[in-house]
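Working notes, beginning with the structure itself.
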Amino acid sequence: MKRQILLLAAIFFAVFVIGSIGTPGEANAGPVKLSYANFPPPVTFPCVQMERWKDEVEKRTNGKVVINTFPGSTLLGPKDMMDGVIAGTADIGNLCQAYQPGRFVLSNATALPLGIPNARVGSMVLWDLYRKYNFEPFNKVKVLTMFTTAPSNIMSKVPIRNLNDIQGVSLRASGGAAQILKVWGANQIGMPMSATPEALQKGTVQGLFSSLEVMKDFKFAELCKYVTMTQTPIYPFAVVMNMEKWNSLPKDVQKVMEDLGTEQAEWTGTYMDKIALESIAWSKANQGVEFIEPSDKAQWDKKLEPIVDAWIAKKEKEGVPAKEIVADIRALIKKYAE
Ligand code: DTR
Numbered sequence: 004m005k006r007q008i009l010l011l012a013a014i015f016f017a018v019f020v021i022g023s024i025g026t027p028g029e030a031n032a033g034p035v036k037l038s039y040a041n042f043p044p045p046v047t048f049p050c051v052q053m054e055r056w057k058d059e060v061e062k063r064t065n066g067k068v069v070i071n072t073f074p075g076s077t078l079l080g081p082k083d084m085m086d087g088v089i090a091g092t093a094d095i096g097n098l099c100q101a102y103q104p105g106r107f108v109l110s111n112a113t114a115l116p117l118g119i120p121n122a123r124v125g126s127m128v129l130w131d132l133y134r135k136y137n138f139e140p141f142n143k144v145k146v147l148t149m150f151t152t153a154p155s156n157i158m159s160k161v162p163i164r165n166l167n168d169i170q171g172v173s174l175r176a177s178g179g180a181a182q183i184l185k186v187w188g189a190n191q192i193g194m195p196m197s198a199t200p201e202a203l204q205k206g207t208v209q210g211l212f213s214s215l216e217v218m219k220d221f222k223f224a225e226l227c228k229y230v231t232m233t234q235t236p237i238y239p240f241a242v243v244m245n246m247e248k249w250n251s252l253p254k255d256v257q258k259v260m261e262d263l264g265t266e267q268a269e270w271t272g273t274y275m276d277k278i279a280l281e282s283i284a285w286s287k288a289n290q291g292v293e294f295i296e297p298s299d300k301a302q303w304d305k306k307l308e309p310i311v312d313a314w315i316a317k318k319e320k321e322g323v324p325a326k327e328i329v330a331d332i333r334a335l336i337k338k339y340a341e
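Numbering-wise, the sequence shown is residues 4 to 341 according to this note's numbering.
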């Protein structure tokens, strides 16, 4: 009797409970629900582009897909984004590749001082580069788009007018930007952007090296009254999706997302360039921030010269087509900047 009841219970569970869950790709299973994780606060550009992508996908799939967004590291943090998406903690995640330079080695070549002039060009260059090389660290996920920040500049509590001034100043940066700060003589400190407001408040760092929209979006202009214009390098980002989830999506939904890849890269770059300019204007007009051109700019540039060749030499020794990648980046910059 007991066994029969257990058996009936098991059949009930299988038919009604498991059956009602279904698979996301089934036509009659209701809308496909996707979670999208992001690490910085909602007002910042990575989250603005996330909301734009969500709106476009929901619109273009006529309600077939519903995307729940999780900004501010509420689902995954800056450094566990990739593994969290691979594990399925989130279906989609936005990550800054510069926070794990040892993992995303080749795509971080875009963060070498190669003269990417703005975020629109940077985003198109990075996206094309990825599609040519299909970089191995992304093999376990579906890459939905890639984009970059605008070029970095130094925001600081103390004025940095020349190379002497930067010696030993604690400045926060990651990836390619971190290498550059080191050759200029700063005391480089690595941490994700989301940890930077507290570090600036506490005085752990005296400034940061990033694109300038953060002066307004994070209100860094209230603390950093000086900006030294260096206009290099960019930080590369990627938006990735869990591979199983991707494979479970209906073909027409996949097509909407595929078609959005290039458009989203360009949209985000263009948006980033716009808000960086707005932030400069706001920092000057509302916060009295001084913008400085280094008096010895030629020397700053000279210090950067060996970085690219040293990177190529090191990576070629490891059997990586580094020379070709750098040549491609230079050619793509030319293509998109024109
Ligand atoms: N420049 C990188 C990335 C970055 C630039 N703006 C934002 C805003 C929110 C998160 C990350 C970023 C950095 O300094 O981390």
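For glycine and all other residues, C-beta sits at the position ideal for the given N, C-alpha and C.
From a predicted model like this one, the values you see are computed outputs, not experimental measurements.
Please determine, among 320, 298, 304, 317, the residue with the shortest C-alpha to C-alpha distance to residue 117.
When only C-alpha atoms are compared, the closest one is 304.
From what residue to what residue does the alpha helix (DSSP H) around residue 271 run?
Where residue 271 is concerned, the enclosing alpha helix (DSSP H) stretches over 254-290.
Heavy atom of the ligand DTR less than 7 angstroms from the Cβ of residue 216, yes or no?
Yes; taking the cut-off as 7 angstroms, the Cβ of residue 216 has a heavy atom of the ligand DTR nearer than that.
Leaving out the 5 sequence neighbours to the left and right, which residues in its chain are closer than 6 angstroms to residue 36 when beta-carbon positions are compared?
Once the five neighbours on either side are set aside, the close Cβ partners of residue 36 are 69.
Rounded to the nearest angstrom, how far is the Cβ of residue 39 from that of residue 72, given a contact under 8 angstroms?
Contact flag correct, Cβ pair sits at about 5 angstroms.
Under three-state DSSP, which class holds residue 333?
Helix at residue 333.
Using the DSSP secondary-structure output, state which residues sit across from residue 97 in a beta bridge.
Answer is 242.
Tell whether a beta-carbon distance below 8 angstroms holds between residue 148 and residue 122.
No, the pair does not count as a contact, with Cβ atoms beyond the cut-off.
Could you pull out every residue in the same chain whose Cβ sits closer than 6 angstroms to the Cβ of residue 335, ignoring the five residues on either side in sequence?
Closer than 6 angstroms at the Cβ level, and outside the excluded window around residue 335, lie 128, 131.
Given a cut-off of 8 angstroms on the beta-carbon distance, is the pair residue 105 and residue 96 in contact?
No.
Excluding five sequence neighbours on each side, which residues of the same chain lie with their C-beta closer than 6 angstroms to the C-beta of residue 177?
If we look at residue 177 and ignore the five residues flanking it on each side, its Cβ neighbours are 101, 102, 193.
Along the beta strand (DSSP E) that carries residue 48, what are the first and last residues, could you check?
Segment 48-63 is the alpha helix (DSSP H) holding residue 48; no beta strand (DSSP E) there.
In the segment 153-207, which residue ranges form an unbroken beta strand (DSSP E) of at least 3 residues, counting only runs that do not cross its ends?
Counting whole runs of 3 or more residues, the segment 153-207 contains the beta strand (DSSP E) stretches 156-159, 173-175, 190-192.
Under the assumption that residue 146 contacts residue 136 (Cβ atoms under 8 angstroms), give the Cβ distance between them as a whole number of angstroms.
Actually they are not in contact, since the Cβ atoms of residue 146 and residue 136 sit about 12 angstroms apart, beyond 8 angstroms.
CB of residue 43 to nearest heavy atom of the ligand DTR: below 7 angstroms?
Because some heavy atom of the ligand DTR lies under 7 angstroms away, the Cβ of residue 43 counts as near it: yes.
Is the CB-CB distance between residue 175 and residue 212 below 8 angstroms?
In contact: residue 175 and residue 212 (Cβ atoms closer than 8 angstroms).
Apart from the five residues just before and just after residue 224, which ones in its own chain have a Cβ nearer than 6 angstroms to its Cβ?
For residue 224, where only same-chain residues beyond five positions count, the Cβ hits under 6 angstroms are 218, 286, 290, 292.
Look up residue 87 in the DSSP assignment and say whether it is helix, strand or coil.
DSSP places residue 87 in helix when its eight states are reduced to three.
Quick one: residues in its chain with C-beta nearer than 8 angstroms to the C-beta of residue 324, no 5 flanking neighbours on either side, listed in chain order?
Nothing meets the Cβ criterion.
Among 312, 204, 251, whose alpha-carbon lies nearest the alpha-carbon of residue 326?
If we check each option's Cα against that of residue 326, 312 comes out closest.
Count the other CB atoms, across all protein chains shown, that sit within 10 Å of the CB of residue 43; report buried if there are 16 or more and exposed otherwise.
Its Cβ being crowded by 16 or more others within 10 Å, residue 43 is buried.
Please state if the CB of residue 82 and the CB of residue 195 are separated by a distance shorter than 8 angstroms.
A contact, by the Cβ cut-off of 8 angstroms.
If you draw a straight line from the C-alpha of residue 295 to the C-alpha of residue 263, how long is it?
Each residue's Cα considered, the two are about 39 angstroms apart.
Which stretch, first to last residue, makes up the alpha helix (DSSP H) that contains residue 316?
Start and end: 300-320.
With respect to the beta strand (DSSP E) encompassing residue 210, which residues constitute its N-terminal and C-terminal limits?
Per DSSP, residue 210 belongs to the beta strand (DSSP E) from 210-213.
If you reduce the DSSP assignment to three classes, tell me which class residue 149 lands in.
Of the three classes helix, strand and coil, the one that applies to residue 149 here is strand, per DSSP.
Exposed or buried, which one is residue 25 when buried takes at least 16 other CB atoms within 10 Å?
Low local confidence applies: a pLDDT of 40 at residue 25 is under 50, so the model's placement there is unreliable, and no value is given.
Residue 266: which of 112, 45, 60 sits nearest, CA to CA?
It is 60.
Considering only DSSP beta bridges, list what residue 295 is partnered with.
DSSP, once it has assigned bridges, lists 231 as partnering residue 295.
Sort 85, 107, 114 by Cα distance to residue 329 and report the nearest one.
Cα-wise, what sits closest to residue 329 is 114.
Could you check whether the Cβ of residue 286 sits closer than 7 angstroms to any heavy atom belonging to the ligand DTR?
Not so, every heavy atom of the ligand DTR lies at least 7 angstroms from the Cβ.
Does the distance between the C-beta of residue 177 and the nearest non-hydrogen atom of the ligand DTR fall short of 7 angstroms?
Yes, since a heavy atom of the ligand DTR falls inside the 7 angstroms radius drawn around the Cβ of residue 177.
Is residue 143 closer than 8 angstroms to residue 246 when the C-beta atoms are compared?
Result yes, Cβ atoms of residue 246 and residue 143 sit closer than 8 angstroms.
Would you please state the rounded distance, in angstroms, between the beta carbons of residue 258 and residue 94? I believe it to be under 8 angstroms.
Contact flag wrong, Cβ pair sits at about 18 angstroms.
With DSSP run on the structure shown, which of helix, strand or coil describes residue 111?
In the structure shown, residue 111 sits in a helix (DSSP, three-state: H, G or I).
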